Amino acid sequence: MADKPNIIIIMADDMGYGDVGCYNPDSKIPTPNMDRLAAQGVRFTDAHSPSAVCTPSRYGVLTGRYCWRSRLKRSVLFGYEPPLIEKGRLTIASMLKNVGYHTAAIGKWHLGLGYSTKPGKNLDFDAPLPWPEATREQEESIDFTQPLKGGPTELGFDYFFGTSGCSTAQPPYGFIEDDRFVEPPNVYRAERLWGSRRPGMTSQGWDDSEPDSIFTKKAVQYIEEWSTGEQPFFLFLCPSSPHDPCVDELVPEIAKNKSRAGPRGDMVWMVDWMVGEIMEALDRTETAANTLILVTSDNGALPGDLMAEPRMVDAGMADGELETPWIMETERVNLPFNLYGHKSCGDWRGFKGHIWEGGHREPLIASWPGRTKPNSVCDELVGLTDLLATFSALNHIQLNDDQPEDSINILPLLLGEPVTETMRNDLIHHSGAGFFSIREGPWKCIFDTKGHGWFSSPPVPGSPGQLYNIKDDPFERYDMWDERPDITTRLAELLRLHQGN
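Heads up: the sequence shown begins at 9 in this note's numbering, then just goes up one per residue.
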């Protein structure tokens, strides 16, 4: 077992670069456990999610390929869409299972499941992605007593306990174990609570404040069970927090008023508490020394938690600064945020969904006692798609040259080994509305928009874009698109080359 370490990925939902104390000394949120983990290992400062929103990022993390290569070209899944990860595609879980790991996914899934309909009812599960939110009639046509197809246990995970999508914002609301609902949803909650908490089918006794506490309990039990044998384990733990709605009613009791950044800040604290519970379980079971643990997020953060009263605005208002309205795609309302003097994405420009750095630059902390260099910092460019190839190298697994297409082995960076050349020459970013940018060295080129690339019309190829020198201008203030056509032309060709793979 010594040459096959246990591997744990904890991936928060919408946690920003500026939320974590070791990344932002001015954070209003105590994060002692993530800070302690960083002191024990390596903290990456230029790590990026595969997308600026959650479903495509989760696809990219597990498969090592950008989600825009799949059927989903923009946005996210909203509830009852079929499985997004293609049958037979290599995942981190299936790869590790093939070399002897026991594998588990606990928490939010959000990658689609194969639902069945009641007799006489039909849904077009082949409809193009993304779907709109399901209607009540559509939800009530689902047979929640039937097994779910194409989910985690068919993609390499031996065990799954979690929810179909965003645990507190997307139906169906209920826990799934392996391929069945623990309590089949049988009540339709029609109210649209707290802005983004959508109506939908709900299990009896469901409490929106409980998922993360229950996910933590299940994860600790899993560690306790699988730390006793010789078989290594892989745990993919996906908290619901701090995804909106960030309101007092949804903050678990243990997390209330633990931050100075309102309910959303308390929910970030909850993620940190979960990290601490996992670290404590590893210490208690004496498995910490042979466990690689990584903590990150699926995309950038929201600016804060929502003020109580939305108001109508002109949907054509300009993009950009912190005070810019956050336009909801369907309702076209301004949802102003309480900020509490806290910078959820640090000083990076933009937030969740945006093509700017705040949308996809993530905290990434890795610790493996005796292997990662304590209190170290890596400034190299990396992507979360790189985890698959890195775990492959860690376990001496030979991958095909072209699959997965977008994963690079960054194990030397993780272990603090000397490297003679840049590990990653370029990286592609993708916004919530499907806009692309590409990073190469100091240059970042955004295509087809002068805005943030979220809650907008689809890209119009050939439209003016943006060009930034991230080294000299890390916060994307000075657009050089018109000044350096040589750079924009070259990077456009580089993007086309990647898209053609």
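Here a beta-carbon is modelled for each residue, glycine too, at the ideal position from N, C-alpha and C. Owing to the predicted nature of the structure, the values given are computational and were not obtained by experimental measurement.
- In this structure, Thr71 sits near Thr99, with a CB-CB distance shorter than 8 Å.
- About 12 Å separates the CB atoms of Ile373 and Val390; that is not less than 8 Å, and the two are not in contact.
- The straight-line gap separating the alpha-carbon atoms of Ser211 and Tyr123 is approximately 16 Å.
- Just measuring C-alpha positions, the residue of Gln48, Met103, His506, Glu365 sitting nearest Gly354 is Glu365.
- Between the stretch 68-84 and the stretch 383-400, the count of Cβ pairs shorter than 8 Å is three or higher; the stretches touch.
- For Trp117, the secondary structure class from DSSP, reduced to helix, strand or coil, is coil.
- Rounded to the nearest whole angstrom, the C-alpha separation of Lys226 and Ser217 is 16 Å.
- Taking the C-beta atoms as reference points, Ala177 is found nearer than 8 Å to Arg206.
- In the three-state reduction of the DSSP assignment, Thr53 falls in the strand class.
- For the set Arg188, Pro193, Ile495, the Cα lying nearest the Cα of Pro180 is the one of Pro193.
- Annotated three-state conformation of Cys453 is strand, per DSSP.
- DSSP places Gly208 inside the beta strand (DSSP E), whose first and last residues are 208-210.
- A check of alpha carbon separations from Gly270 across Ala297, Leu243, Leu310, Phe242 identifies Leu310 as the nearest.
- Here Gln239 carries a coil assignment [DSSP, helix/strand/coil].
- Spanning the alpha carbons of Val276 and Gly128 requires a straight line of approximately 44 Å.
- DSSP places Thr171 inside the beta strand (DSSP E), whose first and last residues are 167-171.
- In this structure Lys479 is exposed. Its beta-carbon is surrounded by fewer than 16 other beta-carbon atoms within 10 angstroms.
- Residue burial annotation: Lys126 is exposed, with fewer than 16 other C-beta atoms found within 10 angstroms of its C-beta.
- Under the DSSP assignment, Glu145 falls outside any beta strand (DSSP E), being part of the alpha helix (DSSP H) whose first and last residues are 144-147.
- Distance between Arg379 and His362, taken at the CA atoms: about 35 Å.
- The alpha carbon of His437 has as its nearest neighbour, out of Glu370, Val468, Ser267, the alpha carbon of Glu370.
- Distance from the Cα of Met287 is smallest, within the candidate group Asp11, Lys12, Ile16, for Ile16.
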